[in-house]
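S.K.:
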Amino acid sequence: MRALVTNDDGIDSPGLAALTRLAVAAGLDVVVAAPSEQSSGASAAITAVRDEGRTLVERHELPDRPELPAWGVRAQPGHIVVAALTGWLDPAPDLVLSGINHGANVGRAVLHSGTVGAVLTAAVHDVSGLAVSLDVPLDPRGERHWDAADDVFPRVLELLLDAQPGTSLSLNLPDRDRAEHRELRHARLAAFGAVQARVDEVEDGGLRLGEIEVGAEPEEGTDGALLAAGHPTLTALRSVSEDEGRLVPDWLANTERVHS
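Numbering of the sequence shown is given in my numbering, commencing with residue 1240 and proceeding in unit increments.
1. Do the segment 1417-1425 and the segment 1285-1300 touch if we need at least three Cβ pairs shorter than 8 Å?
2. Within 10 angstroms of its Cβ, does Ala1475 collect 16 or more other Cβ (buried), or is it exposed?
3. Could you give the DSSP three-state label for Leu1466: helix, strand or coil?
4. Would you mind listing the beta strand (DSSP E) stretches within the segment 1315-1386 that are 3+ residues and don't spill past its ends, in chain order?
5. Spatial neighbours of Pro1253 within its chain, please: C-beta separation below 6 Å, excluding the five flanking residues on both sides.
6. Taking the beta strand (DSSP E) that Asp1268 belongs to, which residues open and close that run?
7. Under DSSP, the alpha helix (DSSP H) around Thr1461 begins and ends at which residues?
8. Which residues in the same chain have their Cβ closer than 6 Å to the Cβ of Pro1457, if we skip the five residues on either side of it in sequence?
9. Specify, as a first and last residue, the run of the beta strand (DSSP E) that Val1244 falls within.
10. Can the beta-carbon of Leu1328 be found closer than 9 Å to that of His1364?
11. Would you mind reading off the limits of the alpha helix (DSSP H) that contains Ala1475?
12. Does DSSP put Leu1261 in a helix, in a strand, or in coil?
13. What does the alpha-carbon distance come out to for the pair Val1335 and Arg1427?
14. Just grab the DSSP bridge partners of Gly1484 for me.
15. Just confirm the distance between the C-beta atoms of Val1358 and Leu1350, as a whole number of angstroms; I'd bet it's less than 8 Å.
16. Can you look up Ala1426 in the DSSP assignment and give me helix, strand or coil?
17. Candidates Asp1416, Gly1444, Gly1484: which alpha carbon is nearest Pro1471's?
18. Any contact between the segment 1305-1316 and the segment 1383-1398? By contact I mean 3 or more CB pairs, one from each, below 8 Å.
19. Since Ala1331 and Asp1374 should fall inside the 8 Å C-beta cutoff, what is the C-beta to C-beta distance between them, to a whole number of angstroms?
20. Checking the sheet assignment: what are the DSSP bridge partners for Arg1293?
21. What residues match up with Gly1311 in a beta bridge as DSSP calls it?
22. Buried or exposed, going by whether 16 or more other CB atoms sit within 10 Å of the CB of Val1271?
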C-alpha cells in the first residue's frame, strides 16, 4: 500500500521522521509531504500560499531517508491531503499517516488539530488515516521519546488496514520510556483537551491568543485520563456527517408546513 506521511509541525520535525521510519519498517510504499512551516491548529483547512494560483511545493531531502520522495508544501495539512488524493501524486495514496505530533491530541479539542484534520480530510475521500501524537506538555523538560510508538504502531496499523475504507484513528502516546508504558487502551474523548486557548492580551487593533494547560482532571476512562496514567490510547473518530437526531420532528414538521 502507498502511504502519505504528513503532519502539522513541519517537514523538518523529528516526529515526522519517526513516523516515516515506522511506515517504512512496516513495508509501506512511503511518500512524504508536509507543511514547509509550522501549521499547528490548522484543523482541516485547505489554505495555501500560492503564486499565480499555484501552490508552492519544493522537493525536500529527508536526512535519514534521502531515497524517499519528499516535499515541503506551503500549505496546511488538509490541503496537502486533498491534493495528494485528487491528482497530485500518482498513484494516489491508499493511506494517510499524520504526526507524530509534538503534543497530545485528546478530547473534543481535536477539532482544531491539523494532525487530526489531515486524517479526517482523508476520510471524506474514503481513505483511511492514522493520527499519532506524543503527550508533550507546554513547558517540556528533558528529551522527547520519539520512539514511543514503536511497540504499538504495527498493531494499530493492522487494525486500520482491516477496517473499512475511510476509518480515522487517533493514537496518543505517553512521552516516557516505552518500558514505562502501560497497555494500549481504547478511549473515548474527554470533554475538552489537555490544552485550552485563551486571550492573554487585548489592545487597540489586536489581541494576543495564548495557550494554557487545562487544570481540571479529565473524566475517568477518557483519552486524557488514560494517557496521563501512562496508557497509549486509541480512539476512532468520525468525520463530518449529518446528525438528524438533533432536529425535533414536530418542530421540523411545522417548519415544512410554513414553507409549503
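Beta carbons are placed, not taken as given, at the ideal position from N, Cα and C, and that holds for glycine.
Predicted model, so just to flag it, every value in this text is computed and none were measured.
M.R.: This is what the structure gives:
1. no
2. For the purposes of this step, residue 1475 is taken as the residue at position 236 of the sequence shown. Flag for Ala1475 reads exposed.
3. For the purposes of this step, residue 1466 is taken as residue 227 along the sequence shown, with counting starting at 1. Helix.
4. 1334-1341, 1367-1374
5. Within the sequence shown, residue 1253 is the residue found at index 14, counting from 1. So the qualifying residues of the chain are Trp1385.
6. For this step, residue 1268 is matched to residue 29 along the sequence shown. Counting along the chain, the beta strand (DSSP E) containing Asp1268 begins and ends at 1268-1274.
7. As a position in the sequence shown, residue 1461 is number 222, starting the count at 1. Segment: none, Thr1461 is in no alpha helix (DSSP H) and carries neither H nor E.
8. Along the sequence shown, read from residue 1 onward, the residue named residue 1457 stands at position 218. Residues of the same chain with a CB within less than 6 Å of the CB of Pro1457, apart from the 5 flanking positions on each side, are Ala1429, Gly1463, Ala1464 in chain order.
9. Taking the sequence shown and counting its residues from 1, the one referred to as residue 1244 is at position 5. Residues 1241-1245.
10. On the sequence shown, position 89 is the one that residue 1328 refers to. On the sequence shown, position 125 is the one that residue 1364 refers to. Cβ distance not < 9 Å, so Leu1328 and His1364 don't count as in contact.
11. If you number the sequence shown from 1, residue 1475 lands on position 236. Looking at the DSSP string, Ala1475 is not in any alpha helix (DSSP H); the run it does join, the beta strand (DSSP E), is 1472-1476.
12. The residue you call residue 1261 lines up with position 22 of the sequence shown. Correct three-state label for Leu1261: helix.
13. For the purposes of this step, residue 1335 is identified with residue 96 of the sequence shown, where counting begins at 1. For the purposes of this step, residue 1427 is identified with residue 188 of the sequence shown, where counting begins at 1. Distance between the alpha carbons of Val1335 and Arg1427: 22 Å.
14. Locating residue 1484 in the sequence shown gives position 245, counting from the first residue. In the DSSP secondary-structure assignment, Gly1484 is not bridged to any residue.
15. In the sequence shown, the residue the question calls residue 1358 occupies position 119. In the sequence shown, the residue the question calls residue 1350 occupies position 111. Incorrect: roughly 13 Å between the Cβ atoms, too far for contact.
16. Position 187 of the sequence shown holds residue 1426. Ala1426 falls in the coil class under three-state DSSP.
17. Along the sequence shown, read from residue 1 onward, the residue named residue 1471 stands at position 232. It is Asp1416.
18. no
19. In the sequence shown, counting from the first residue as 1, residue 1331 sits at position 92. In the sequence shown, counting from the first residue as 1, residue 1374 sits at position 135. Actually they are not in contact, since the Cβ atoms of Ala1331 and Asp1374 sit about 32 Å apart, beyond 8 Å.
20. Taking the sequence shown and counting its residues from 1, the one referred to as residue 1293 is at position 54. In the DSSP output, where bridge partners are listed per residue, Arg1293 has Asp1290.
21. Counting from one through the sequence shown, the residue named residue 1311 turns up at place 72. In the DSSP output, where bridge partners are listed per residue, Gly1311 has Ala1273, Glu1297.
22. As a first step, residue 1271 must be located in the sequence shown, where it is residue number 32. So Val1271 ends up on the buried side.
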